[in-house]
Structure formats: structure tokens, C-alpha cells
Amino acid sequence: MARPSTVRNFAWLWLAATIAVLIVGFRQAIFLAPMEATMGNLQRIFYYHLPHAILGLIFPYINLAASLGYLYWRRRDPLKALSADALAVASAEITVLYVGITLASGMLWGKPAWGIWWAWDARLTTELILWLLYVSYLMLRRFSPAGQTGVLSAVLAVFAAVDVPIVYMSIHWWRTQHPAPVFGSDGGGIDPGMVPAVLWNLAGWAMWGLLLIGFRFALERRRQLAEQEAALLALEASLETPQ
Amino acid sequence: MTWQTFFDFSSMAHRHLVFVYGGVIAVQLAYVGWVARNWSRIGRQ
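Below, the structure written as C-alpha cells:
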């Protein structure tokens with residue numbers, strides 16, 4: 000187990016590196032990447048939209064793995080199960096954040112580009128369902144009866160993760176208004192001058208997302224420990240002999 | 000593009016570009032702030 004001071008130092012170093020990468024990414028996206036021929040500067044929204052969209056489809060898998068870990072360990076090793084539950088809630092919150100930003104930045108691009116804020120096409124609709132699924136996951140955690148929260152939310156997380164491949168494949172399976180993919184074997188490709196802006200921002204927002212998950216995980220562990228301490232104190236107080 | 004043209008609010012496209020970059024940074028910082036606030040509150044208990 001790493002010492003708390005080592006973890007703290009590593010987190011500060013990670014934060015400094017992340018800010019540096021995000022500054023380079025911003026500079027690449029706004030000042031150095033060439034202007035797109037048809038959309039002009041509006042296309043630069045893509046450099047923030049794409050990383051959040053990609054990471055919004057990766058973080059749910061951290062939530063799925065942690066939820067499966069919780070279900071596996073809850074009777075075998077309750078301490079490990081608590082850690083898995085803390086990781087699950089952390090990754091779910093960051094998923095809501097990243098998918099929410101994807102939807103909002105997409106709408107802000109859509110209005111000037113398409114003339115409308117929203118279209119009920121397959122990609123947008125499945126992405127909205129993904130966001131709603133993880134919002135409902137967080138609501139369930141908040142309002143479910145104490146003692147059942149872990150199991151109920153872990154089961155919901157397994158079902159919610161099913162939407163991730165549907166979001167990814169939606170532009171292949173259905174005709175959509177959403178732009179076709181630019182990367183991969185069937186992608187349209189982008190100007191080589193735009194690639195550094197994509198990669199720097201993808202790296203920066205991935206580092207930031209992992210930092211947020213780590214910080215939120217640490218907060219949830221702190222909350223769990225405080226809850227355990229309070230329960231122990233209450234138990235001790237109830238066992239004390241009345242004077 | 001320069002800082003001057005980045006903050007050019009004359010067209011909807013430019014306005015929305017600034018809203019996305021400013022909004023993303025603001026929302027991310029707000030979330031970190033919320034986590035940090037809860038961190039210090041639980042630490043004081």
C-alpha cells in the first residue's frame with residue numbers, strides 16, 4: 000500500500016502534467032490547426048467534442064468492471080467490495096460529466112451548422128439515453144434504502160453498459176444526421192495538420208478524467224471511512240453502562 | 000486564428016465556439032470545486 004504523502008505528490012505531479020497537456024491542446028486547437036474549408040472556425044468545436052465523446056464511452060466500462068467487482072466481492076471480501084463501490088460511483092459521475100459535455104457541445108455545434116439544436120437521430124438519441132442511464136444510476140444511489148444501494152446500483156450499471164456499444168455502432172447501423180466517423184478503416188479522414196490538435200486534446204482530457212476519477216474515488220473512500228467511524232462510535236455509546 | 004478573432008462575437012458560429020471552450024473549462028472546474036468542497040467538509044467531521 001502506497002503512503003498517503005506519496006499518493007498526494009503523485010496526484011499533484013499528474014495535475015501539473017495534465018494542465019500542461021491541456022494548454023498545448025488548446026493552443027493546437029485554436030491557433031495552430033488549419034481552418035476547415037466548409038465550416039470555418041466552427042469546426043474547432045470538434046477538438047473538445049471528440050475527446051469527451053470518446054472518453055464518455057470508455058469511462059462506463061470502468062463503472063461496469065467496478066460494479067462486477069462489487070457483486071463478486073460483496074460476500075467474499077467486503078473491504079474490497081467497498082473500494083469497488085467507491086470506484087463505481089466515481090466513474091459514473093465522470094461519465095455523466097463527459098457525456099453531458101458531449102451532448103451540450105454537440106448542440107452548440109449543431110445550431111450554426113444544421114440550423115437546429117437537436118435531431119432525434121440514432122447517435123444523438125442513444126447518447127442521450129446513455130446520459131439518462133447514468134443520471135438514473137446516481138439518483139438510485141442517492142434515494143435507494145441504505146444497505147441495498149450497492150447491489151441495486153451495480154445491477155443497473157451492468158444494464159447501462161449495454162448502451163455503450165449501441166452508441167458507438169449507431170452511425171454504422173442507421174442512417175444518421177450526425178457526421179460520419181473520421182477515424183478507422185471506414186473513416187473519412189482529416190487533414191494531417193489537424194491530427195496534433197486531436198491527439199493533444201484526447202490525451203489531456205483523458206488525463207484530466209482519470210485525475211477526476213481518482214479524486215472522486217478518494218472522496219468516496221473518505222466518506223465510507225467516516226461513516227464506519229460514526230457507526231463504531233454509535234455502537235460503543237450504546238454498549239456503555241448507564242451511570 | 001488569434002485571441003482577437005477567438006473572442007469575435009459577431010457571428011453565431013464564433014459565439015458558440017467560445018461558449019464550448021469556456022463552458023467546458025467552467026463545468027470541469029466547477030465539478031472539481033464541488034469534490035474539493037466535499038473533501039474538506041468530510042475531513043472536518
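Here the protein sequences line up with chains A and B, keeping their order. Its first residue numbered 0, the first sequence is counted upward by one per residue in numbering that gives the first Met the number 0. Its first residue numbered 0, the second sequence is counted upward by one per residue in numbering that gives the first Met the number 0. Glycine is no exception: its CB is placed at the ideal position from the N, C-alpha and C atoms.
Cβ of residue i within 7 Å of Cβ of residue j?
i	j	result
A:Ile170	A:Arg215	no
A:Met206	A:Thr17	yes
A:Tyr97	A:Ala196	no
A:Ile44	A:Trp108	yes
A:Ala91	A:Gly68	no
A:Leu151	A:Leu139	yes
A:Val166	A:Thr125	yes
A:Gly114	A:His48	no
B:Ala29	A:Leu41	no
A:Ala153	A:Ser237	no
A:Ala160	A:Pro77	no
A:Asp162	A:Leu129	yes
A:Pro218	B:Val31	Inspection of the sequence shows that residue 218 of chain A is occupied by Leu rather than by Pro. No, the pair does not count as a contact, with Cβ atoms beyond the cut-off.
A:Arg75	B:Ile41	no
A:Met193	A:Ala36	no
Looking at the structure shown, is residue i part of a helix, part of a strand, or coil, going by DSSP?
i	result
A:Glu257	As displayed, chain A neither begins before 0 nor continues past 242, which places residue 257 of chain A out of reach and without an answer.
A:Gly68	helix
A:Glu239	coil
A:Gly39	strand
A:Ser169	helix
A:Met206	helix
B:Ser39	helix
A:Ile18	helix
A:Arg220	helix
A:Arg174	coil
A:Ser2	In the sequence under discussion, the amino acid at residue 2 of chain A is Arg, which differs from the Ser named in the question. Reduced to three states, the DSSP call for A:Arg2 is coil.
B:Thr4	helix
B:Phe18	helix
A:Asp190	coil
Considering only residues of the same chain and omitting the five flanking positions on each side of residue i, which have a CB-CB separation below 7 Å?
i	result
A:His177	Asp120, Arg122, Leu123, Ile170
A:Trp204	Pro50, His51, Leu54
A:Trp72	Lys79, Ala80, Ala83
A:Leu21	Gly203, Trp207
A:Ala229	none
A:Gln27	Pro195, Ala196, Trp199
A:Thr94	Gly55, Phe58, Pro59, Asn62, Tyr133
Closer than 6 Å by C-beta to residue i: which residues in its own chain qualify, once you throw out the five before and the five after it? Chain order, please.
i	result
B:Phe8	Arg14
Leaving out five residues before and five after residue i in sequence, what residues of the same chain have Cβ atoms less than 8 Å from its Cβ?
i	result
A:Leu14	Leu210
Contact list for the segment 65–90 of chain A against chain B, Cβ threshold 7 Å = Within the segment 65–90 of chain A, not one residue has a Cβ closer than 7 Å to any Cβ of chain B.
Scan the segment 76–156 of chain A and note each continuous alpha helix (DSSP H) run of 4 residues or more that stays entirely inside, going in chain order.
-> Listed in chain order, the alpha helix (DSSP H) runs fully inside the segment 76–156 of chain A are 77–113, 121–142, counting runs of at least 4 residues.
Please list the residues of the segment 14–25 of chain B that have a C-beta atom closer than 8 Å to any C-beta atom in chain A, keeping them in chain order.
-> Of all residues in the segment 14–25 of chain B, only His15, Leu16, Phe18, Val19, Tyr20, Gly22, Val23 place a beta-carbon less than 8 Å from a beta-carbon of chain A.
Residues of the segment 2–27 of chain A with Cβ closer than 8 Å to any Cβ of chain B, in chain order = Cβ contacts with chain B: Phe25.
Of all the residues that make up the segment 190–205 of chain A, which are near chain B by a beta-carbon distance shorter than 7 Å?
-> Result list empty, no residue passes.
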